[in-house]
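Some notes on the structure that comes next.
Residue numbers (the working numbering): 121 to 309.
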């Protein structure tokens, strides 16, 4: 047997799925192989939730039974793992300055269950406040403006409202935003 023949045989052997109902090795259908390859390409770039991966695969008009079978196989092989996805996603979003409320909402839209979200997103108020301060300092650097002709009280009120809206859109709890803004008011005098 030539070396290329053995490689070809090995490739065919890997493509063979478990036994078919008749007891003989069953060759996976072309769409299933194509779907699996597409899923593996997506997973090689970053972790995905099952729902996210399913949506992307369905966008290519694959048979839904084949997609479900491929996703089940990937989960059994440990290549598609919700817990790993949530852990990586939460760490990335916290690093980018997003708060727990926003991260929780994004995970829900990605089909993640509440218990898994609670396990990874739950943080105490002090840690959340530190993240909030970091996001606020980023906002302050980005939105530094030269002096304006606007009366100082009006400019300060408008600036405070913008900061609060920004931090709220980032997913931080309003009671912590109010605490931060009260601290800033106390230091400004």
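Note that beta-carbon positions come from the ideal geometry of N, C-alpha and C, so glycine has one too.
So, residue 248 versus residue 300, is the Cβ gap smaller than 8 Å?
Your numbering for residue 248 matches position 128 in the chain shown. Your numbering for residue 300 matches position 180 in the chain shown. In this structure, residue 300 does not lie closer than 8 Å to residue 248 by Cβ.
Close Cβ partners of residue 144 (< 8 Å) along its chain, the five nearest in sequence each way excluded
Numbered from 1 along the chain shown, position 24 holds the residue referred to as residue 144. Low confidence applies here, because residue 144 scores a pLDDT of 46, under 50, leaving its location unreliable and the question unanswered by this model.
Whose C-alpha, out of 209, 298, 177, 203, is nearest the C-alpha of residue 280?
The sequence position of residue 280 within the chain shown is 160, counting from 1. Looking at the Cα atoms, 298 is the closest of the given residues.
Beta carbon of residue 205, beta carbon of residue 169: below 8 Å?
Position 85 of the chain shown, counted from the start, is the residue given in the question as residue 205. Position 49 of the chain shown, counted from the start, is the residue given in the question as residue 169. Contact flag set, yes.
Should residue 183 be labelled buried (16 or more other beta-carbon atoms within 10 Å of its own) or exposed?
For the purposes of this step, residue 183 is taken as residue 63 along the chain shown, with counting starting at 1. Flag for residue 183 reads exposed.
May I have the straight-line CA-CA distance separating residue 223 from residue 210, to the nearest angstrom?
Within the chain shown, numbered from 1, the residue matching residue 223 stands at position 103. Within the chain shown, numbered from 1, the residue matching residue 210 stands at position 90. Cα to Cα, the separation comes out at about 7 Å.
Burial state of residue 202 (16 or more Cβ within 10 Å)
Against the chain shown, residue 202 aligns to sequence position 82. The residue is buried, with at least 16 neighbouring Cβ atoms inside 10 Å.
Buried or exposed (CB count within 10 angstroms, at least 16 for buried), residue 198
Looking up residue 198 in the chain shown gives position 78. Exposed: under 16 other Cβ atoms inside 10 Å.
Find out if the Cβ-Cβ distance for the pair residue 356, residue 293 is shorter than 8 Å.
Lying before the first or after the last residue shown, residue 356 is absent from the chain, which here runs from 121 to 309.
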